[in-house]
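Under mature numbering (1 follows the signal peptide of the UniProt record, and there is no 0), the residues of the sequence shown are numbered -32 to -1, 1 to 358, in order.
Heads up, the thing below is written out as structure tokens.
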Amino acid sequence: MAFVSRFRKRLGVAALGALAVLATTGAVPAGAQSGASPSGAPSSDATSPSGAAQGHGGPHADERIVVGHRGASGYRPEHTLASYELAARMGADYIEPDLVTTSDGVLVARHEPEIGGTTDVADRPEFADRKTTKLVDGDPVTGWFAEDFTLAELKTLRAKERLPEIRPNNTIYDGRFEIPTLQEVIDLSERLSRELHRPVGIYPETKHPTYFQEQGLALEPELVEALNRNHLNRPNAKVQVQSFEVGNLKELNEQVRVPLVQLTSTSGAPYDFVKSGDPRTYEDMTTPEGLREIATYADGLGPSIGQIVPLDSDGNTTEPTSLVDDSHAAGLSIVPWTFRAENEFLPADYDSSDDAAEWGDALGWAKAVWATGVDGMFADHPDIVIEAAE
């Protein structure tokens, strides 16, 4: 299998830091694309089967990929440079920053606009008066919001583990890492591409686009500017851009030359649809007809794993749906989210115990997801999904 030989090749040329990770985790790092340059450009034959946008690089139809979900967030606090670096050294092909913005228009990596759950802002008396309640996609959220801070102010904060009950080991790193900017993530990917002698890409997600647009802080212009500034707005750049909304992807389709990915979920609908009164849901979007519509503006689909392998009422896996085949028939790559090793997130038939934080049969679950024919996987534990590919 090309995927396996690619991973073995990467092991042969990995930097010493990656070999150190291998020694401690048993991971088999992923391999470089044939003809790829250390600067992050994949081989020139990476073209879009969907034809969604002229000049797009297209999905990786010939090689499966592993995306470090918020980095290696099963091992380090999410959306930190340490988490991203560990993911790459474990073998991830891409690192995934979720993008929000500061009050002065700088894109930074956080899972949500509200930053109380992932930073120490609640312990900073100088920012106590910034706590507020806002409507995020129509739902009230109380806390501290990235867009109410300048970049200089955010840089005084430190990251902490978002799921301390599930990942207590990660809490030893609380207070050690800054909130990174998109530019710092790009710089890291370029440095790691040189050190590991293979391209390490970025897979940014625009978080809550309508929410930020309504505040006059649209994410997309800054993202496009960053891609242009770093010479990444080109078909062969190791970049894919994703969103749960539709309108911003259609706009980006006219502005960028990198692949675009439509994210979907087992429930709900894109918030820009909800806002405009469009009745379509994610379920509607993942019918064969809906997938053909997605292929007019995007190159890939990023569904929940549950849309591929549904669970029954007891939480056990059932027969896979036709979503993988339907996506491929529409000309879309399909890279689902998110693989995690803990019982809390595994199907019941892969649990090891009632302890939510204990790891279950994570390797078996990763193998089962690969067996559906997906083109890649988002993973909090990249080393496990890479091992499962063997």
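By construction, the Cβ of each residue, glycine as well, lies at the ideal position given by its N, Cα and C atoms.
Keep in mind the model is a prediction, meaning the values are calculated, not measured.
Item                                                                                                               : Value
With 16 other Cβ atoms within 10 Å as the buried cut-off, status of residue 48                                     : buried
Reduced DSSP secondary structure (H/G/I, E/B, other) of residue 102                                                : strand
Inter-stretch contact (C-beta, 8 Å, three-pair minimum) for the stretch 218 to 232 and the stretch 278 to 290      : no
Presumed contact (8 Å Cβ cut-off) between residue 171 and residue 208, rounded CB distance                         : 5 Å
Straight-line Cα distance separating residue 89 from residue 97                                                    : 11 Å
Proximity below 9 Å, CB of residue 278 to CB of residue 289                                                        : yes
Proximity winner among 60, 105, 61 and 94, relative to residue 81 (alpha-carbon distances)                         : 105
Outcome for residue -23 when other beta-carbon atoms lying within 10 angstroms are tallied against a minimum of 16 : In this prediction, residue -23 scores a pLDDT of 44, lower than 50, which makes its location untrustworthy; the coordinate-derived value is nonetheless stated afterwards. The residue in question, residue -23, is buried, as its Cβ has 16 or more Cβ neighbours within 10 Å.
For residue 127, the residue or residues it bridges with in DSSP                                                   : 87
Contact the stretch 234 to 250 vs the stretch 191 to 202: 3+ CB pairs below 8 Å                                    : no
Distance CB(residue 62)-CB(residue 54) smaller than 9 Å                                                            : no
DSSP state of residue 348 mapped onto helix, strand, coil                                                          : coil
Rounded separation between residue 57 and residue 41 - CA only                                                     : 13 Å
Integer Cβ distance of residue 45 from residue 145, believed to fall under 8 Å                                     : 6 Å
Of the residues 79, 116, 211 and 356, the one placed nearest residue 185, counting alpha carbons only              : 116
Closest residue to residue 274 among 192, 292, 262 and 109 (Cα-Cα distance)                                        : 292
Residue 127 beta carbon less than 9 Å from that of residue 143                                                     : yes
Nearest-angstrom Cα separation, counted from residue 95 out to residue 124                                         : 11 Å
Endpoints, the beta strand (DSSP E) within which residue 108 is located                                            : 107 to 111
Alpha-carbon spacing of residue -30 relative to residue 258, whole angstroms                                       : For residue -30, the predicted structure reports a pLDDT of 44, less than 50, and the residue's modelled location is therefore unreliable. The matter cannot be settled from this model.
Beta-bridge partners of residue 34, as assigned by DSSP                                                            : 345
In DSSP terms, what residue 333 is bridged to                                                                      : BP columns for residue 333 are empty, so no partner.
Distance between beta carbons of residue 314 and residue 174, contact taken as under 8 Å                           : In fact, because the Cβ distance is near 29 Å, the residues do not count as touching under 8 Å.
Proximity winner among 306, 192, 337 and 354, relative to residue 346 (alpha-carbon distances)                     : 306
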